[in-house]
Amino acid sequence: MSESATSPVLALRGIGRTYHSGEVEVAALADVDLTIEANEYVSVVGPSGSGKSTLLNVLGLLDRPTAGSYHFEGVEVADLDEVQRTAVRGRRIGFVFQSFHLLSHRTVMENVSLSMLYTGVPQGEREERALAALDAVELSHRASFTPTRLSGGERQRVAIARAIVAEPALLLADEPTGNLDSHTSDAILALFDRLRALGLTIVMITHDLNVAHRADRSVRIHDGRLADVVRT
Amino acid sequence: MKPTRLEWRDLIVESIAGLASRPARTVLTVLGTVLGISALVATVGIAQTAGNQIVGAFSELEATSVTVSNSGGFWGGGPQQAFPQDVEDRIGRLNGVVAVGAMGPVNVNGALASAVKLDDPLARNEFQIDVIAATPGILDAVKGELTMGRWFDAGHDARADNVVVLGPGAAEALNIFRVDQQPVIFLDEDPYVVMGILGNVKRQPSLLNAIIMPDGTARRDYGYESADTVQIDVSLGASALIAEQAPIALHPADPKVFTVRKPPSADSLRNRVEGDVNALFLILGGVSLLVGAIGIANVTLVSVLERVGEIGLRRAVGARRRHIAAQFLVESTTMGAAGGILGATVGILIIVILAASREWTPVLAPWIPLGAPMLGAITGLVAGLYPSLRAAALEPVEALRSGT
Ligand SMILES: Nc1ncnc2c1ncn2[C@@H]1O[C@H](COP(=O)(O)OP(=O)(O)OP(=O)(O)O)[C@@H](O)[C@H]1O
Ligand SMILES: [Mg+2]
Numbered sequence: 001m002s003e004s005a006t007s008p009v010l011a012l013r014g015i016g017r018t019y020h021s022g023e024v025e026v027a028a029l030a031d032v033d034l035t036i037e038a039n040e041y042v043s044v045v046g047p048s049g050s051g052k053s054t055l056l057n058v059l060g061l062l063d064r065p066t067a068g069s070y071h072f073e074g075v076e077v078a079d080l081d082e083v084q085r086t087a088v089r090g091r092r093i094g095f096v097f098q099s100f101h102l103l104s105h106r107t108v109m110e111n112v113s114l115s116m117l118y119t120g121v122p123q124g125e126r127e128e129r130a131l132a133a134l135d136a137v138e139l140s141h142r143a144s145f146t147p148t149r150l151s152g153g154e155r156q157r158v159a160i161a162r163a164i165v166a167e168p169a170l171l172l173a174d175e176p177t178g179n180l181d182s183h184t185s186d187a188i189l190a191l192f193d194r195l196r197a198l199g200l201t202i203v204m205i206t207h208d209l210n211v212a213h214r215a216d217r218s219v220r221i222h223d224g225r226l227a228d229v230v231r232t
Numbered sequence: 233m234k235p236t237r238l239e240w241r242d243l244i245v246e247s248i249a250g251l252a253s254r255p256a257r258t259v260l261t262v263l264g265t266v267l268g269i270s271a272l273v274a275t276v277g278i279a280q281t282a283g284n285q286i287v288g289a290f291s292e293l294e295a296t297s298v299t300v301s302n303s304g305g306f307w308g309g310g311p312q313q314a315f316p317q318d319v320e321d322r323i324g325r326l327n328g329v330v331a332v333g334a335m336g337p338v339n340v341n342g343a344l345a346s347a348v349k350l351d352d353p354l355a356r357n358e359f360q361i362d363v364i365a366a367t368p369g370i371l372d373a374v375k376g377e378l379t380m381g382r383w384f385d386a387g388h389d390a391r392a393d394n395v396v397v398l399g400p401g402a403a404e405a406l407n408i409f410r411v412d413q414q415p416v417i418f419l420d421e422d423p424y425v426v427m428g429i430l431g432n433v434k435r436q437p438s439l440l441n442a443i444i445m446p447d448g449t450a451r452r453d454y455g456y457e458s459a460d461t462v463q464i465d466v467s468l469g470a471s472a473l474i475a476e477q478a479p480i481a482l483h484p485a486d487p488k489v490f491t492v493r494k495p496p497s498a499d500s501l502r503n504r505v506e507g508d509v510n511a512l513f514l515i516l517g518g519v520s521l522l523v524g525a526i527g528i529a530n531v532t533l534v535s536v537l538e539r540v541g542e543i544g545l546r547r548a549v550g551a552r553r554r555h556i557a558a559q560f561l562v563e564s565t566t567m568g569a570a571g572g573i574l575g576a577t578v579g580i581l582i583i584v585i586l587a588a589s590r591e592w593t594p595v596l597a598p599w600i601p602l603g604a605p606m607l608g609a610i611t612g613l614v615a616g617l618y619p620s621l622r623a624a625a626l627e628p629v630e631a632l633r634s635g636t
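From first to last, the protein sequence lines stand for chains A and B.
So for the first sequence, the numbering used here puts the first residue at 1; every next one is plus one.
So for the second sequence, the numbering used here puts the first residue at 233; every next one is plus one.
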């Protein structure tokens, strides 16, 4: 499916996403072109309501665009049925949500293992791999805690461990530092740098320009349009 | 790309974890099903236990009694067909017969009975007492007991000896309480030696107030022609067979002239009793189970709505719609099955305690301890259908947005 090392991980052509609320049509995304190469680190910046989350949901196959074409690892996503989209989502894409989305009644270990539940990782390998992922975010000593006993930064690192444990090609992060103080944010960004060095492709949403500049390049979005591309 | 999948083991673990994360709610939800199932199990069990008890008491006596009579049936009239004299031989040969005897009223032409022949004709010491002729086997056939003396045997019968046995009512009327000095009673002028006094009979209570004389004696003295009743004591389970064979043995040419009375089959009696007890309480149990099911459905739906964010997350990490549905279905089914197991246990306890307090034997069909958890599980499964479909229908984006 990935044709060669140089083919892009994803390519959007003329992507639109329109919401209908009653009579009113809201174009959350309009005519978006975007290509992201393997092992690229891209940040998406824009004001609130500009369509950043909508873009991320489309990229992550959580949402279907209403126009345009989207190739993920060389495959036209529009041709996939729901089961196949779910498979791509589960196996090839890792998500880090702004609000963590951790299961508060389950341990850190169980939360991280959740990404391996549906992707066919054998029972016996899961604990080892979850521990390795927790090691990568320096939280293996918290494996038996429940998220309620963790700080905000620790919770975000658990969420990142969960996103990378199934070894996805693409990491999608929606405001991963939005809820964190600057010191903790730096730790998370340093972690992204390390993951990037390990070969991961990263798309990160942020409204903080300082954070955005940690990426290879930044994409600015305004009213659903990619307004310009800033090379850093 | 290969579709994602969910192993059974993981499905169970996730579902149990879901239930365990809200233990108080889970327990309260299960209680509804426990109530319903225990009511059902106790109802069926009590009905079976009581039914068995009634049938048990009944069968001791009734299930082993077969009678053949030759009177004109319900409308009266004389004997249609005399019984042969060798009734005991003919019937006794049949397999399953424990005891047999024939008996019938003797027409003594108004002769009065008296204990001692007094010379004073003014004293009222003579009584109108029924006289019954019987073959020797009748004592065992009616499960009778003597309080004293002996019962007449085939020899007395064959010789037509002037002997009688008194029913307790007749003995009291005639003022005879001992037989060791061979007291004599009179029917008009004819003397008969009292051999014994009857204590009780389990069948044919007319014997209790009668003067009973050997068949042969009645034939000689009163022109007695035939018994009107043949009483047969059969072994358990043989009643239907004997009821069919006895009339043939007695009169092969036309067995239908006799009226045969046999006990109703124990099964049909048991079913009748169970049916009566069951109907009302089964409805009660069913209603409680329905309430339990609604409880499970409601709680599972609440749980789905509370966990919208979790559902979105699972969809994001590869869960298919069917995996989401399966998780909530297993949760509701587990609650139902747990309710079924607990309910069956409580129900069986109720039956055992109730049976013990009445000194009954607790009876329970073997499918109940197995079927009750199944019924509970099915209840949970059905109750979980709608909430599970709701959960599966959620779009991942919407779920992630609205859930936390
Ligand atoms: N389900 C929906 N129905 C209708 N309109 C929607 C829906 N989701 C998003 N929108 C609209 O689409 C536009 C883009 O929303 P989006 O969530 O992508 O913004 P955002 O850039 O992520 O904002 P924020 O920085 O506040 O998270 C907004 O105007 C929003 O109101
Ligand atoms: Mg957003």
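Backbone N, C-alpha and C fix where the C-beta goes; we use that ideal spot for every residue, glycine too.
All of these numbers come straight from a predicted model, not from anything done at the bench.
A:R149 touches chain B at which residues, Cβ-Cβ below 8 angstroms? In chain order: nothing, as chain B lies at least about 15 angstroms away.
Per DSSP, which one or two residues make a beta bridge with A:L10? A:I36, A:F72
Using a Cβ-Cβ cut-off of 7 angstroms (strictly less than) and excluding sequence neighbours within five positions of A:S2, which residues of its own chain qualify? Its pLDDT being 44, under 50, A:S2 is placed unreliably in this model, and the coordinates cannot settle the point.
Ligand 2 heavy atoms versus the CB of A:S99: any closer than 7 angstroms? The answer is no for A:S99.
Can you pull the chain A neighbours of B:A587, defined as C-beta to C-beta under 8 angstroms? Chain A residues near B:A587: none, gap ~44 angstroms exceeds 8 angstroms.
Would you call B:R241 buried or exposed, if buried means 16 or more other Cβ atoms sit within 10 Å of its Cβ? exposed
Where does the unbroken beta strand (DSSP E) through A:D174 begin, and where does it stop? 170-174
B:S620, enclosing alpha helix (DSSP H) - first and last residue: 599-625
Please report whether the beta-carbon of A:S2 lies at a distance below 8 angstroms from any beta-carbon of chain B. Residue confidence is low: A:S2 scores 44 on pLDDT, short of 50, so the model does not pin down where it sits. Its coordinate-derived value is still stated next. No, A:S2 does not count as interfacial toward chain B.
In chain order, what residues of the segment 252-268 of chain B put their CB closer than 7 angstroms to some CB of chain A? S253
Any heavy atom of ligand 2 closer than 7 angstroms to the Cβ of A:K52? yes
Would you verify that the beta carbon of A:R106 is, or is not, closer than 8 angstroms to some beta carbon of chain B? yes
Strictly below 9 angstroms CB to CB, what residues from chain A border B:L238? L117, Y118
When B:K234, B:S270, B:A282, B:G268 are compared against B:A588, the one with the closest alpha-carbon: B:A282
A:H71 versus A:T107 - alpha carbon distance: 36 angstroms
Near B:R382, which residues of its chain fall below 6 angstroms by C-beta distance, leaving aside the five closest residues on each side in sequence? M427, G428
Any heavy atom of ligand 4 within a distance shorter than 7 angstroms of the CB on A:A130? Summarising the ligand content, the structure contains ligand 1 and ligand 2 and does not contain ligand 4.
For B:A475 and B:I443, what's the separation of their Cα atoms in angstroms? 29 angstroms
Which residue marks the beginning of the beta strand (DSSP E) containing A:V203, and which one marks its end? From DSSP, the beta strand (DSSP E) with A:V203 extends over 201-206.
Is the beta carbon of B:I556 closer than 8 angstroms to that of B:A615? No, they are not a contact pair.
Three-state secondary structure (DSSP) at B:P446? strand
CB contact below 8 angstroms: A:S218 versus chain B: no
Check the C-beta distance from B:T532 over to A:A87 and give it rounded, since I have them as a contact under 8 angstroms. At roughly 27 angstroms, the Cβ-Cβ gap does not stay under 8 angstroms, so B:T532 and A:A87 are not in contact.
Mark A:S4 as exposed unless 16 or more other C-beta atoms lie within 10 angstroms of its C-beta, in which case mark it buried. Only weak support is given to the placement of A:S4: the predicted model assigns it a pLDDT of 48, under 50, and the value that follows is read from those uncertain coordinates. Exposed, because fewer than 16 other Cβ atoms sit within 10 Å of the Cβ of A:S4.
Along the segment 62-80 of chain A, what residues have a CB closer than 8 angstroms to any CB found in chain B? L62, D63
For A:S113, which residues from the same chain have a beta carbon less than 6 angstroms from its beta carbon, with the 5 sequence-adjacent residues on both sides left out? R126, A130
Please confirm if the segment 454-471 of chain B is in contact with the segment 323-343 of chain B, defined as three or more CB-CB distances below 8 angstroms between the two stretches. In short, these stretches touch, since the Cβ pair count reaches three.
Which stretch, first to last residue, makes up the beta strand (DSSP E) that contains B:G635? Taken as a continuous stretch (DSSP letters only), B:G635 belongs to no beta strand (DSSP E), as it is neither H nor E.
Any heavy atom of ligand 2 closer than 7 angstroms to the CB of A:D174? yes
Of the choices B:P400, B:V416, B:L613, whose alpha-carbon is the least far from that of B:N394? B:V416
Among A:L180, A:L150, A:N111, nearest to A:A161 - alpha-carbon criterion: A:N111
Within 10 angstroms of its Cβ, does A:F192 collect 16 or more other Cβ (buried), or is it exposed? buried
Taking the alpha-carbon positions, what's the A:L10 to A:T35 distance? About 6 angstroms.
Using the beta-carbon of each residue, which ones in chain A are nearer than 7 angstroms to B:G541? H101
Ligand 1 heavy atom lying under 7 angstroms from the CB of A:H207: yes
Taking just the CA atoms, how far does A:S99 sit from B:V542? The amino acid occupying residue 542 of chain B in the given sequence is Glu; Val does not appear at that position. Distance between the alpha carbons of B:E542 and A:S99: 12 angstroms.
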